[in-house]
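Peer 1: Could you have a look at this structure, given as structure tokens, before my questions?
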RNA sequence: GCGGAAGUGGUGGAACGGCAGACACGCAAGCCUUAGGAGCUUGUGCCCGCGAGGGCGUGAGGGUUCGAGUCCCUCCUUCCGCACCA
């Protein structure tokens, strides 16, 4: 037994040393102009500089780093940049609270987070870093805005918008969440306001958003986007108002319907309370009720609309509309279940075939007329529920000339006939709204327009950019936009007439910043344009993007909008930003809730890193769960990964040593005898492991990847101190182990690799510049196996035998077994199922 | 209500339709010891049994199959998205 002990692995010493060395050598710098190797653009969602990196950042970024290192070992030129999403409200709140300029607060946090990010030992391309709150970056937001204006992709409009009373700003539709309609950032319930605001015309690409060809995106994300866009095909039908004592009639009332086949069943019409024609159509004796209802509806959208099951409400206007297919006059109502923002803000109500209309009709005693029925069922006007079932053989009833047609055919014919008369047409509507980008906040990209008393709204010229945020904000404790009271900022000159003008004080949604940052990484300091077109063509789209699923209809949809808009402007060549997307699961707080400072359940990785080292933390995060799965945080189990790395250290540096322990004879240990056959078996295991680990890296199955490496290390551990230790096969196994582990645990593998090179008298070379090893398939193939034997599907025996024996021979061997005979009980099998090399099953019954 | 994901030991989690529970934590017993937040060995799904062994087991219930955690049907539970979208 050897007395000499190798020193233990000291992460605190090894990790910073290598991090410094890699920096110094520029090991991970990427030459974007290198055309000799395939490019691999690896992107992970850039962090908001809140001040502290938490364990969730590690759990997305370190496995992503492992992917990059793995690709690098395959010879790819990997670009893996990082930056900071540096505009946003927390900085303003800090400014109000602590009286510091939001820039100072943000830059200090960034500095702190850079240090924390570096402790991961990741291959970030720091030379490409972008910080969105710098004029160097946000001037291009302004530039895009001007280009979008020219292209009709940006516009200003009055609209009922969502206002967050706490954050004191409007929000995009995507940023209002849940049944309670709360602010995505702060959870406060939003209220409706009529305001004139800036929009990006996302709806221009609604149909294109629905096409995902060539995108390897998770199905749930695509579904969420598809549902969000909410494309709906149907017809627009023009009703006209009937004349009466109070108005001349003849106004067009357009409705959108997905069921033009039910047009004969329309027994009333409903307008949204805010519909512009309400005023004009209301009969004098109805005015009081109508005004009251409209007021009530307005108020309702401001208080919680928790109960979606609430009773239908509405009032009649005292006017009629004429159904274009049969000339029938039907009463016009207003009701808050019809939304102004969807379709045309008006519906034809067909209570027989729509649940909501049915409920409304029942509530107010309006007629119900069935116009679609299964063949031979006629019609029923006393239905107790709306008939909305779609049977293949349903036909139109009570529908004039169309009676007897199948429902789809009826829909086609009715629409076609209306179209001929100019009273309707096929139509498509979307749930998707244009993106409201104005924010009444100071810490964001100033919108580059001025309001001139003579010229109105005037966009600045490109030469006037950037519009820079002032250095001397004064934030009031009451909140509000500090830019508004900043005279030097507000007082501007009209670029058109040269006279005094008021500068726009709204800034852009920070999602504008994050909609194009990966293009900027390619040339972060380029000052004659936002994107280097040549590099964009070489590197884009992004090969692999990683981040949370919470951005399904926010960042990920906005980014697709930018791709299409910029491609249409000729700035880039690709219409999709991210070829392959992966959503890692979230690490929740120990309480199972989303980690947040306000809940006080944020986990700080720094403690763990100083106790166990970055490699252990990286491995633990990969090992604890499948990457895509959410899980509450618990550090239980991290010691297992720490022990694992210690064993890797031990088998590499001290193969001949032996722990004193309850060991038996060497020869009987761990199934290995230390002789030539054991030696072969070890190498075979190494190659089988390599095969599986390779597959696991490819599929991002990091948890099983780590498990396989632990297994291999445990096998090495069993052979340690035997004659096999230190043999060429042993050494080869160690070499493979370190290479396989290198992407996941970069520091310890670099240290061990370098020590081995020293011992071998070879010049130093980073393990992270080695090639991924090739599997020796012949070696990896199993030679012997244990064949499971079933009788009637129940496991009865396991029989060791050579691989590849003919079936007859296998059966003979197996049936000779005592246990098998006992289980067969002397019966001759009716049938024998043999799955080559997997299993044999005798059916006796 | 609609759409999606998921239910496996004490715990985190493994399992091309073919040995359920890999790997790890925890726990137990033992070894070693410079007595540590260290290392090593063995065991550990549940029940019966001293043991050999047997029975039962993947949310519930049906089905397909020689064989089902895995496929199909009907439920239950949890989480996520949408919120009267005509």
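Numbering (my numbering), first residue to last: 10 to 854. Ideal Cβ positions, reconstructed from N, Cα and C, are used throughout, including at glycine.
If residue 468 and residue 155 are in contact, beta carbons under 8 Å, what's the gap, nearest whole angstrom?
Peer 2: Within the first chain, residue 468 is the residue found at index 459, counting from 1. Within the first chain, residue 155 is the residue found at index 146, counting from 1. Right, the Cβ-Cβ distance comes to about 6 Å (below 8 Å), so this counts as a contact.
Peer 1: Using the rule of at least 16 other Cβ atoms within 10 Å of the residue's Cβ for burial, across every protein chain shown, is residue 128 buried or exposed?
Peer 2: Residue 128 sits at position 119 when you count from the first residue of the first chain. Classification of residue 128: buried, given that the 10 Å Cβ count is 16 or more.
Peer 1: Express the C-alpha separation of residue 77 and residue 167 in angstroms, rounding to a whole number.
Peer 2: Start at 1 with the first residue of the first chain, and residue 167 comes out as number 158. Start at 1 with the first residue of the first chain, and residue 77 comes out as number 68. Going from the Cα of residue 167 to the Cα of residue 77 covers about 47 Å.
Peer 1: Classify residue 12: buried if its beta carbon has 16 or more other beta carbons within 10 angstroms, exposed otherwise.
Peer 2: If you number the first chain from 1, residue 12 lands on position 3. Residue confidence for residue 12 is low, a pLDDT of 40 falling below 50, so the modelled location carries little weight; the figure read from the coordinates is stated next. Exposed, since its Cβ has fewer than 16 Cβ neighbours within 10 Å.
Peer 1: Taking DSSP as the reference, what is the three-state secondary structure of residue 846?
Peer 2: Walking along the first chain from the start, residue 846 turns up at place 837. Three-state result, residue 846: coil.
Peer 1: What residue from 380, 439 and 428 has the CA that sits closest to residue 412's CA?
Peer 2: Position 403 of the first chain, counting from 1, holds the residue named residue 412. Residue 412 has its Cα closest to that of 380, out of 380, 439 and 428.
Peer 1: Give every residue of the same chain whose Cβ lies closer than 7 Å to the Cβ of residue 618, excluding the five residues on either side of it in the sequence, and list them in chain order.
Peer 2: Here residue 618 refers to the residue found at position 609 of the first chain. 128 and 626.
Peer 1: List the endpoints of the continuous beta strand (DSSP E) containing residue 556.
Peer 2: The count along the first chain starts at 1 and reaches residue 556 at position 547. 553–556 is the span of the beta strand (DSSP E), which, as asked, contains residue 556.
Peer 1: Taking residue 289 as the reference, which of 60, 327, 164 and 798 has the closest Cα?
Peer 2: By one-based count along the first chain, residue 289 stands at place 280. The residue with the shortest Cα to Cα distance from residue 289 is 327.
Peer 1: Counting C-beta neighbours from all protein chains within 10 Å, is the total for residue 195 16 or more, i.e. buried, or is it exposed?
Peer 2: Position 186 of the first chain, counted from the first residue, corresponds to residue 195. Residue 195 is exposed by the Cβ-count criterion.
Peer 1: Can you give the Cα-Cα distance for residue 667 and residue 786, rounded to whole angstroms?
Peer 2: Translated into positions along the first chain, residue 667 becomes position 658. Translated into positions along the first chain, residue 786 becomes position 777. Using only the alpha carbons, I get a separation of about 32 Å.
Peer 1: Secondary structure at residue 596, three-state DSSP: helix, strand or coil?
Peer 2: Looking up residue 596 in the first chain gives position 587. If DSSP states are grouped into helix, strand and coil, residue 596 belongs with the strands.
Peer 1: Thinking C-beta only, is residue 210 closer than 8 Å to residue 147?
Peer 2: The residue you call residue 147 lines up with position 138 of the first chain. The residue you call residue 210 lines up with position 201 of the first chain. No, Cβ-Cβ distance for residue 147 and residue 210 is not below 8 Å.
Peer 1: With DSSP as the reference, please indicate the residues paired to residue 465 in a beta bridge.
Peer 2: Start at 1 with the first residue of the first chain, and residue 465 comes out as number 456. Beta-bridge pairing links residue 465 to 461.
Peer 1: Does the stretch 34–49 come close enough to the stretch 594–612 that 3 or more CB-CB pairs lie under 8 Å?
Peer 2: no
Peer 1: Would the stretch 177–193 count as touching the stretch 391–403 if we require 3 or more Cβ pairs under 8 Å?
Peer 2: No: fewer than three Cβ pairs fall under 8 Å.
Peer 1: Alpha carbon to alpha carbon, how far is residue 112 from residue 133?
Peer 2: Numbered from its first residue, the first chain carries residue 112 at position 103. Numbered from its first residue, the first chain carries residue 133 at position 124. Rounded to whole angstroms, residue 112 to residue 133 spans 24 Å at the Cα level.
Peer 1: What's the gap between the Cα of residue 61 and the Cα of residue 116?
Peer 2: Position 52 of the first chain holds residue 61. Position 107 of the first chain holds residue 116. Cα to Cα, the separation comes out at about 13 Å.
Peer 1: Check whether the stretch 476–488 touches the stretch 117–124, counting contact only when three or more Cβ pairs, one atom from each stretch, lie closer than 8 Å.
Peer 2: no
Peer 1: Rounded to a whole number of angstroms, what is the C-alpha to C-alpha distance between residue 553 and residue 92?
Peer 2: Walking along the first chain from the start, residue 553 turns up at place 544. Walking along the first chain from the start, residue 92 turns up at place 83. When rounded, the distance between both Cα atoms is 17 Å.
Peer 1: Select from 320, 557, 649 and 368 the residue whose C-alpha is nearest the C-alpha of residue 590.
Peer 2: Translated into positions along the first chain, residue 590 becomes position 581. Minimum Cα distance to residue 590 is reached at 557.
Peer 1: Can you tell me whether residue 659 is helix, strand or coil according to DSSP?
Peer 2: Position 650 of the first chain, counting from 1, holds the residue named residue 659. DSSP places residue 659 in helix when its eight states are reduced to three.
Peer 1: Give the straight-line distance between the Cα atoms of residue 683 and residue 56, rounded to the nearest whole angstrom.
Peer 2: For the purposes of this step, residue 683 is taken as the residue at position 674 of the first chain. For the purposes of this step, residue 56 is taken as the residue at position 47 of the first chain. Note that residue 683 scores 47 on pLDDT, short of 50, meaning its location in the model is unreliable and no value can be drawn from it.
Peer 1: What span of residues does the beta strand (DSSP E) with residue 86 cover, start to end?
Peer 2: Position 77 of the first chain, counted from the first residue, corresponds to residue 86. Its beta strand (DSSP E) spans residues 86–88.
Peer 1: Please classify residue 534 as buried or exposed, where buried requires at least 16 other C-beta atoms within 10 Å of its C-beta.
Peer 2: Counted from its first residue, the first chain places residue 534 at position 525. Classification of residue 534: exposed, given that the 10 Å Cβ count is below 16.
Peer 1: On the premise that residue 581 lies in contact with residue 654, defined as a C-beta separation below 8 Å, what is that separation, rounded to the nearest angstrom?
Peer 2: Position 645 of the first chain, counted from the start, is the residue given in the question as residue 654. Position 572 of the first chain, counted from the start, is the residue given in the question as residue 581. About 43 Å separates the CB atoms of residue 654 and residue 581; that is not less than 8 Å, and the two are not in contact.
Peer 1: Secondary structure at residue 642, three-state DSSP: helix, strand or coil?
Peer 2: Here residue 642 refers to the residue found at position 633 when the first chain is read from its first residue. Residue 642: coil per DSSP, three-state reduction.
Peer 1: Where does residue 441 land, buried or exposed, given buried means 16+ other C-beta within 10 angstroms?
Peer 2: In the first chain, the residue the question calls residue 441 occupies position 432. Buried is the call here.
Peer 1: Skipping 5 residues on each side, what residues in its chain have a beta carbon closer than 7 Å to that of residue 349?
Peer 2: Taking the first chain and counting its residues from 1, the one referred to as residue 349 is at position 340. Within the same chain, residue 349 has close Cβ partners 281, 283 and 284.
Peer 1: Considering Cα atoms alone, identify which of 727, 707 and 717 is closest to residue 688.
Peer 2: As a first step, residue 688 must be located in the first chain, where it is residue number 679. Checked all of 727, 707 and 717; the closest Cα to residue 688 is 727.
Peer 1: For the stretch 508–524 against the stretch 540–547, do three or more pairs of beta-carbon atoms, one drawn from each stretch, fall closer than 8 Å, so that the two count as touching?
Peer 2: no
Peer 1: Going by CA-CA distance only, name the one from 569, 259 and 90 that's closest to residue 220.
Peer 2: Counting from 1 along the first chain, the entry for residue 220 is found at position 211. When only C-alpha atoms are compared, the closest one is 569.
Peer 1: Could you please give the first and the last residue of the uninterrupted alpha helix (DSSP H) stretch that includes residue 164?
Peer 2: By 1-based counting over the first chain, the position of residue 164 is 155. Not the alpha helix (DSSP H): residue 164 falls in the beta strand (DSSP E), residues 163–173.
Peer 1: For residue 244, which residues does DSSP report across the bridge?
Peer 2: Start at 1 with the first residue of the first chain, and residue 244 comes out as number 235. Beta-bridge pairing links residue 244 to 266 and 435.
Peer 1: Using the rule of at least 16 other Cβ atoms within 10 Å of the residue's Cβ for burial, across every protein chain shown, is residue 670 buried or exposed?
Peer 2: Here the question's residue 670 lines up with position 661 in the first chain. The pLDDT assigned to residue 670 is 49, lower than 50, so where the model puts this residue is not dependable; a value taken from the coordinates is nonetheless given after this. Under a 10 Å Cβ-count criterion, residue 670 is classified as exposed, with fewer than 16 other Cβ atoms of the shown protein chains found around its own Cβ.
Peer 1: Can you tell me whether residue 722 is buried or exposed, with buried defined as 16 or more other CB within 10 angstroms of its CB?
Peer 2: Sequence index remark: in the first chain, residue 722 carries index 713 (1-based). Its Cβ being crowded by 16 or more others within 10 Å, residue 722 is buried.
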